[in-house]
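As numbered in the UniProt record's numbering, the sequence shown has no gaps in its residue numbers, which increase by one up to the final residue, 311. C-beta: ideal position from N, C-alpha, C; glycine also.
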Amino acid sequence: MCHYEHEITWVHNEIDDIYSEQVDDSDKEDDQDEVSYESLNSLDFQGATRSLSKDNEEIDRLHLQHYYFKYIWQKNFSAPIEHKLKENARVLDVGCGAGTWLLEMSTDFPRSTFVGVDIATMYPSDVMPLNCEFMQCNVLDGIQFADNTFDFVHTRLMTFAFIDNEWFEKVINELIRVLKTGGTLEIMVIDEYKTQGPVTAQLCNALFSYMHENGFMNNLIPDRVKDYLNSTNQLKDIIQEEKLVPTGKLAGNFGISFEDLHNTWPSVRVPLSTHMGISSENFDELVDKCVNEIDEFKTCFNTARIYAIKN
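Next up, the structure:
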């Protein structure tokens with residue numbers, strides 16, 4: 001049986017304080033070569049720090065993205081599993097990226113053990129809690145663990161990394177395979193922008209059209225994921241929680257920064273401008289107009305967490 005919970009979350013100016021703690025521009029001006037790993041994570045791993053190159057913008061973006069979503073949800077996970085994590089749970093984070101979620105979780109729950117896997121090696125390799133480790137892994141080739149290994153399997157923002165058949169026929173089944181009977185699976189996704197301006201709608205429609213033609217998921221992502229989890233007949237107590245999140249000035253300073261960091265339009269300039277039949281210059285002009293109209297139309301987006309228990 002499936003349950004649905006929806007909550008509109010308006011991120012207000014309290015997040016400015018969090019933003020100031022996570023990103024200190026004065027530090028960046030004083031040190032042009034590196035950014036403190038410890039300051040990004042607000043954690044003290046036995047007094048150690050790890051420096052990341054300022055040129056590695058993707059890692060910085062992923063760190064900030066983590067704190068943005070943590071503030072939106074007010075926690076790192078939604079499933080009712082804290083009691084297990086306080087005991088001795090085994091946790092897998094699939095598509096762990098820079099590892100921020102896993103590092104925080106392994107510090108918050110020292111009795112449990114945590115593993116992060118990702119196809120890219122952006123995660124730290126030398127400074128981490130003793131109960132945490134990272135592995136390079138292409139999920140499409142299989143996760144290198146036996147069946148029924150983990151008490152909690154977590155993944156977020158991975159739906160656009162795979163085409164439909166890969167996500168629904170391989171990835172989700174692999175997540176369920178390594179999950180113990182009675183264990184919990186949690187998937188976080190984001191959906192399309194809401195209350196769009198005309199240029200934002202034009203770009204989004206072009207993106208969804210391109211994705212549809214190339215086999216990727218497009219709209220109704222949370223519902224499609226929930227429906228597929230239900231169709232596997234391997235999960236029960238499927239719950240979907242949603243939050244509607246503003247961008248731009250409505251979200252305070254952190255929102256503006258997130259808007260800049262999360263803006264993926266330049267990364268799809270070549271295929272999407274070709275798909276739309278326009279030049280790269282015209283595409284960039286549309287992107288500029290899209291960013292400018294976010295505040296005018298109070299554009300927001302939907303994020304959802306879907307979690308369930310393995311039969």
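The residues Y228, in chain order, have a CB closer than 6 angstroms to that of F168 in the same chain once the five nearest residues on each side in sequence are set aside. In this structure, DSSP gives M135 an extended state, which the three-state scheme calls strand.
The Cβ atoms of T303 and F69 sit closer than 8 angstroms to each other. In this structure, T149 keeps its C-beta atom at 8 angstroms or more from the C-beta atom of L175. Between D93 and C132, the alpha-carbon positions lie close to 11 angstroms from each other.
Separation of R90 and L140 (C-alpha to C-alpha, rounded to the nearest whole angstrom) is 22 angstroms. For I172, no pairing in a beta bridge is given by DSSP. Annotation: V225 to I238 spans about 11 angstroms, alpha carbon to alpha carbon. A206: member of the alpha helix (DSSP H) spanning 198-213, first to last residue. Between G99 and P129, the C-beta spacing is not below 8 angstroms.
Spanning the alpha carbons of G197 and T247 requires a straight line of approximately 13 angstroms.
R111 has its alpha-carbon roughly 53 angstroms from the corresponding atom of E281.
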